[in-house]
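Chains as they are written, first to last, in our numbering: chain A, 442 to 745; chain B, 2 to 336. In what follows, a structure is listed as structure tokens, so that the remarks can point back to it.
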Amino acid sequence: MDQALIIAERIVIYSVLMSALYALVALGFTLIFGVARVLNLAYGAFLMVGAYTAWFAQQHLRWDLYSAFVLAVAVCTLLGIVFYHGIVRHVQRSSIATLIATLACALIIEELIKIFFTTNTQLLAPFISGSIEIHKTTVITNRIIAFGASWLAIILFWLFVHRARWGRVILATAQDHEGAALVGIDVKKVYTLTWAISGALAGIAGVFFASWVKIDPFMWRDPLIISFAIVVVGGLGSLKGSIVAAYLIGLLEVLMTYSPSIRVCFSFRCFEFLGSSWVGVSSLLVLIAILFIKPQGLFSGRTE
Amino acid sequence: MSTRALRLSLLGATVIVIAIIGPFLPAKWMTTITYAQIFAIYAMGWDILSGMTGQISFGHIFFVAVSGYTTGLLNLYLRWPIWATILLGVAMAVLAGLMFSVPALRLRGPYFSLITLILPLATARLVIILADWTGGELGKFGVAALCPFLDYKANQYCNYYALWALMTGVGLLLIWLSTSRIGKILEAIRENEEAVEAAGINVAKYKIFAFAVSACVVGLGGAFSVHVNESVFFNSLLSLTTSIEMIVASVIGGMGTIVGALWGGFLVRGGEELIREVAHWKLPIGAEGLALSFVERWATFIFFTLLIVLLFVARQGLLPLLTGFFRRGKKRYAS
Chain A
442 MDQALIIAER IVIYSVLMSA LYALVALGFT LIFGVARVLN LAYGAFLMVG
492 AYTAWFAQQH LRWDLYSAFV LAVAVCTLLG IVFYHGIVRH VQRSSIATLI
542 ATLACALIIE ELIKIFFTTN TQLLAPFISG SIEIHKTTVI TNRIIAFGAS
592 WLAIILFWLF VHRARWGRVI LATAQDHEGA ALVGIDVKKV YTLTWAISGA
642 LAGIAGVFFA SWVKIDPFMW RDPLIISFAI VVVGGLGSLK GSIVAAYLIG
692 LLEVLMTYSP SIRVCFSFRC FEFLGSSWVG VSSLLVLIAI LFIKPQGLFS
742 GRTE
Chain B
2 MSTRALRLSL LGATVIVIAI IGPFLPAKWM TTITYAQIFA IYAMGWDILS
52 GMTGQISFGH IFFVAVSGYT TGLLNLYLRW PIWATILLGV AMAVLAGLMF
102 SVPALRLRGP YFSLITLILP LATARLVIIL ADWTGGELGK FGVAALCPFL
152 DYKANQYCNY YALWALMTGV GLLLIWLSTS RIGKILEAIR ENEEAVEAAG
202 INVAKYKIFA FAVSACVVGL GGAFSVHVNE SVFFNSLLSL TTSIEMIVAS
252 VIGGMGTIVG ALWGGFLVRG GEELIREVAH WKLPIGAEGL ALSFVERWAT
302 FIFFTLLIVL LFVARQGLLP LLTGFFRRGK KRYAS
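This is how it looks when you write it as structure tokens:
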């Protein structure tokens, strides 16, 4: 019984930590959709650019991680702006063209990274190494920092949107961009700002995601799928929904890691039913199920 | 010339050229064209659903996987004859298409595209979990060959023309379909779904039909590819890149035109082979290896960059561009 309690505790702690990162990952993605109605399929690649920038600064330029982090965020912010003005602005009118162009960009970034940094898996040194023990559960310190930073970023973002002048301008544009244009808001400027913020969030998320998992040219797929899942479950463009959905999906993933697996065999050929090999699958299946049952997401699709 | 006659004659001209050049091709290019024909079938299958109705599917490779794995594994483990496995593989693809279409109809625009992107990713994970049967990422060899000849050359010819026949048949059928009343309704759905609904037409019925046809065609290609490859191979049955290349092929050729998708298919596959070919040209000593790795490394990059350029300059695609040019020229003559 005691053992079960420890495992339950561990599941709760791990999922709370991981979900915060997931929420951060989805934030920039949902922001762009909420404001500009653009599904940025290159968002995962943005995270990857952030991760590689930090890694490059750390490994090759010998910077400390804090400066590398700042550089990564700066590069991603710039990338967001360049991406909007260079590509998205010209194809935005057709949602199909936007989807194809952003996906093509993701693959281009993957290809460039393969060319310049090979397909090898890289590791980012953590902000603070070591681990601490919370009530019999060992937690890597860096993950606690990622958790704190994620929530800090989310809260700052929320305050910006609801309190700052430009944040409210963004909110107004999200609700009705024609109306916003009518009252004298420069919509193009707002979009530029939104892409910049989305890029910055991707940079932050990228560094933490990389220090949590690993860095390789294919790493953009996981954050993109996570963002999809969260944003779809939470309702596209809803911040509160995204956070709740992030916690649901995070919990599910961690539960999968700890769930006992059942070995199913037919004539000497076997597979594991549930268990850690199902970690990625479970959230995908839940996502598909939710899309089928309630296509609008579990929460209202209102932009907040 | 009516649209149907124009497209049919363009298809006719294309397939006749392909049939004639077959024997004159070097062995390597013959293989390339054989695979390009399978890919053209995929592209046309994608086009009849996504090109016509405007519901962009990112995951048509899912149908290739369903049909391919059904076909390959049935043949491998139960030793069913080829015709039976292909039939059942295609049936499974159609079934998957039908099952998927009913709920997918509730999704519009980006939501639909999202779920289609996720479907093959989920399938890929399942294939790896079931690796004992499917061979996982390594695949399984030993599927029966499409052509029964012992001679390599004869087999190559047989594959080439078998797929040629399949591609021609599929092309004819899809062009006929796309220019029929059904095709017009599908196009109308793309332009304005509410208006079609308001006209008293059951939109859902037509979409489901398009889904089934699309899944059937793509599944057919997938089933044949397994028997041509003589293996179930993860990278060819579940590659996200192939899924996106179908879109690329159709966009290059002109979405919703079928012939355009077929041309696009050949341009994509042929272009890739051409890049590889150029990379192998004789170069001054020393530069050879360098150029080879350079071109091969940058091939995908160049490919996707060209795609984005294409989205900027000619979104409507090759065929509409050509016919538009042709029509304008004719008008100038008339006046």
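Think of the CB as a built atom: it goes at the ideal place given N, C-alpha and C, for glycine as much as any other residue.
Anticipated Cβ contact below 8 Å, residue i with residue j, distance rounded
| i | j | result |
| --- | --- | --- |
| B/His-228 | B/Ala-145 | 7 Å |
| A/Thr-635 | A/Ile-522 | Their Cβ separation, rounded to whole angstroms, is 10 Å, which puts A/Thr-635 and A/Ile-522 out of contact at 8 Å. |
| B/Leu-9 | B/Ile-176 | 6 Å |
| B/Gly-220 | B/Val-67 | 7 Å |
| A/Ala-587 | A/Trp-653 | 6 Å |
| A/Ile-638 | A/Ala-670 | Actually they are not in contact, since the Cβ atoms of A/Ile-638 and A/Ala-670 sit about 22 Å apart, beyond 8 Å. |
| A/Ile-703 | A/Leu-693 | About 18 Å separates the two Cβ atoms, so there is no contact after all. |
| A/Ser-668 | A/Gly-675 | About 10 Å separates the two Cβ atoms, so there is no contact after all. |
| A/Phe-474 | A/Ala-643 | At roughly 14 Å, the Cβ-Cβ gap does not stay under 8 Å, so A/Phe-474 and A/Ala-643 are not in contact. |
DSSP three-state assignment for residue i, whether helix, strand or coil
| i | result |
| --- | --- |
| A/Ser-460 | helix |
| A/Lys-655 | coil |
| A/Gln-533 | coil |
| B/Ser-336 | With a pLDDT of only 43 at B/Ser-336, under the threshold of 50, the placement of this residue in the model should not be trusted; the figure read from the coordinates follows. B/Ser-336 falls in the coil class under three-state DSSP. |
| B/Gly-136 | coil |
| B/Arg-298 | helix |
| B/Asp-152 | coil |
| A/Ile-483 | Sequence inspection shows Ala at residue 483 of chain A; the Ile mentioned does not correspond to that position. Note: A/Ala-483 maps to coil in three-state DSSP. |
| A/Lys-735 | coil |
| B/Pro-27 | coil |
| B/Ile-17 | helix |
| A/Trp-719 | helix |
| A/Ser-668 | helix |
| A/Asp-505 | coil |
| B/Pro-104 | helix |
| B/Ile-259 | coil |
| B/Val-227 | helix |
| A/Ser-679 | coil |
| A/Leu-488 | helix |
| A/Asp-663 | helix |
| A/Arg-478 | coil |
| A/Ile-626 | coil |
| A/Gln-444 | helix |
| B/Leu-131 | coil |
| B/Gly-254 | helix |
| B/Leu-308 | helix |
| B/Arg-5 | helix |
| A/Gln-499 | helix |
Paired residues, beta bridge with residue i - DSSP
| i | result |
| --- | --- |
| A/Arg-710 | A/Phe-707 |
| A/Ser-572 | A/Ile-581 |
| B/Ser-337 | In the structure displayed, chain B extends from 2 to 336; residue 337 of chain B sits before or after that span and is not available. |
| A/Gln-563 | A/Ile-656 |
Cutoff 8 Å: residue i Cβ touching any chain B Cβ
| i | result |
| --- | --- |
| A/Ser-668 | no |
| A/Gly-721 | yes |
| A/Leu-715 | no |
| A/Val-529 | no |
| A/Ala-486 | no |
| A/Glu-552 | yes |
| A/Arg-743 | In this prediction, A/Arg-743 has a pLDDT of 48, which is less than 50 and means its spatial position is unreliable; nothing more can be read from the coordinates. |
| A/Cys-711 | yes |
| A/Ala-545 | yes |
| A/Phe-733 | yes |
| A/Ile-522 | no |
| A/Leu-725 | yes |
| A/Leu-728 | yes |
Contact with chain A by residue i, beta-carbon distance below 8 Å
| i | result |
| --- | --- |
| B/Ile-245 | yes |
| B/Arg-277 | no |
| B/Ala-211 | no |
| B/Gly-46 | no |
| B/Thr-301 | yes |
| B/Phe-305 | yes |
| B/Gly-110 | yes |
| B/Ala-205 | no |
| B/Ser-58 | no |
| B/Phe-63 | no |
| B/Trp-134 | yes |
#### Entry: Any alpha helix (DSSP H) of 4 or more consecutive residues that is wholly inside the segment 593-622 of chain A
606-616
### Message
List, from N- to C-terminal side, the alpha helix (DSSP H) runs of 4 residues or more that fit wholly inside the segment 41-99 of chain B.
### Response
62-74
### Query
Fully enclosed by the segment 154-212 of chain B, which alpha helix (DSSP H) runs are 4 residues long or longer?
Counting only runs of 4 or more, we get 182-192 and 194-199.
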